[in-house]
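For reference, each letter of the sequence shown is one residue, going 120 to 321 in my numbering.
Scroll down for the structure; my scribbles are underneath it.
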Amino acid sequence: MSKQYHDNLLSDDALDQLFREARTYNGWLEKDVSEDQMKLIYELAKMGPTSANMQPGRFVWVRSEEEKNKLADLASEGNQDKIRAAPVTLIIGYDIDFHEELPWLFPHTDAKSWFEGDEEGREEAAFRNSALQGAYVIMAARAIGLDCGPMSGVDLDGVTKAFFGDRPKVKADWVCSIGYGDRTTIFDRSPRPDFETFNQIV
Numbered sequence: 120m121s122k123q124y125h126d127n128l129l130s131d132d133a134l135d136q137l138f139r140e141a142r143t144y145n146g147w148l149e150k151d152v153s154e155d156q157m158k159l160i161y162e163l164a165k166m167g168p169t170s171a172n173m174q175p176g177r178f179v180w181v182r183s184e185e186e187k188n189k190l191a192d193l194a195s196e197g198n199q200d201k202i203r204a205a206p207v208t209l210i211i212g213y214d215i216d217f218h219e220e221l222p223w224l225f226p227h228t229d230a231k232s233w234f235e236g237d238e239e240g241r242e243e244a245a246f247r248n249s250a251l252q253g254a255y256v257i258m259a260a261r262a263i264g265l266d267c268g269p270m271s272g273v274d275l276d277g278v279t280k281a282f283f284g285d286r287p288k289v290k291a292d293w294v295c296s297i298g299y300g301d302r303t304t305i306f307d308r309s310p311r312p313d314f315e316t317f318n319q320i321v
């Protein structure tokens, strides 16, 4: 890609790290992910845009052996070993009552009133925007040199009860292992479509 019209384009190495060479990992090297790294991932990911800065994502970083086993027991058979072997697995959940935080998260106007009395609408907004936040986490982790293994093969009701049971309006959505990926555990990259396949310019 020419830089003629992209003066702020990242280097090819950076784009490779974030996108072109990044992969979904199934296995992990025996290298720890520190609490400082987890906090840095969040500090980067929280800067990604959400509607009205609603920040509905609720995250649990599963790191201890006891909690990893608890989470793995709620995963499909093919994902259990991945979770147990990963240095940390993040549970991405969403808070249906995110609007209670809007007075300080979006102080420009009374955004809380937009969502009061409409729990169905709040759940839709929380689901969509927390998914965005989870994607930002993946990109932030890659940006600091870590790898990711996102998974949806878990008992979401079970994960919600086990890890968000004290917050009745929070639901689990998916999980993502984070660490230093073992390249022997990945297969050839699946095809990616050209622009013309699924895009229109109108």
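By construction, the Cβ of each residue, glycine as well, lies at the ideal position given by its N, Cα and C atoms.
This structure is a prediction, so every number in the text was calculated from the model and none was measured.
Residues sharing a beta bridge with residue i, DSSP
i      : result
ARG177 : GLY212
THR143 : CYS267
VAL207 : ILE297
GLY171 : Checking the sequence, you will find Ala at residue 171 rather than Gly. ALA171 is not bridged to any residue.
ALA194 : VAL273
When the options are compared against residue i, the one with the closest alpha-carbon
i      : options                   : result
SER183 : PRO312, LEU163 and ASP151 : ASP151
SER153 : ALA205, GLU196 and PRO312 : ALA205
LEU221 : ASP214, MET270 and ALA230 : ALA230
VAL207 : PHE317, LYS280 and LYS158 : LYS158
ALA259 : LYS165, GLU219 and GLN174 : LYS165
Unbroken beta strand (DSSP E) run spanning residue i, endpoints
i      : result
LYS290 : 289 to 298
Limits of the alpha helix (DSSP H) - the one that residue i falls within
i      : result
TRP189 : The sequence shown places Lys at residue 189, rather than the Trp named in the question. Here the alpha helix (DSSP H) through LYS189 covers 184 to 191.
GLU162 : 154 to 164
THR304 : Careful: THR304 lies outside any alpha helix (DSSP H) and carries neither H nor E.
PHE317 : 314 to 317
* To do: Give, in chain order, every unbroken run of the alpha helix (DSSP H) that is at least 4 residues long and sits entirely within the region 212 to 287.
  => With a minimum length of 4 residues, the unbroken runs of alpha helix (DSSP H) contained wholly in the region 212 to 287 fall at 221 to 224, 231 to 234, 238 to 262 and 275 to 283.
* Check whether the region 282 to 291 touches the region 122 to 141, taking contact to mean three or more Cβ pairs, one atom from each stretch, closer than 8 Å. => Short answer: they don't touch.
* Are the region 249 to 258 and the region 292 to 300 touching by the rule of at least three beta carbon pairs closer than 8 Å? -> Output reads yes: the region 292 to 300 touches the region 249 to 258.
* Asked: How do the region 133 to 148 and the region 208 to 216 stand: do at least 3 beta-carbon pairs fall below 8 Å, yes or no?
  -> No contact exists between the region 133 to 148 and the region 208 to 216.
* Between the region 303 to 316 and the region 138 to 146, do at least 3 Cβ pairs fall closer than 8 Å? -> Segment contact: the region 303 to 316 against the region 138 to 146, three or more CB-CB distances shorter than 8 Å; contact assigned.
* Asked: Should the region 165 to 179 be regarded as contacting the region 232 to 250, the criterion being three or more beta carbon pairs within less than 8 Å?
  -> By the Cβ rule, the region 165 to 179 counts as touching the region 232 to 250, because three or more pairs are nearer than 8 Å.
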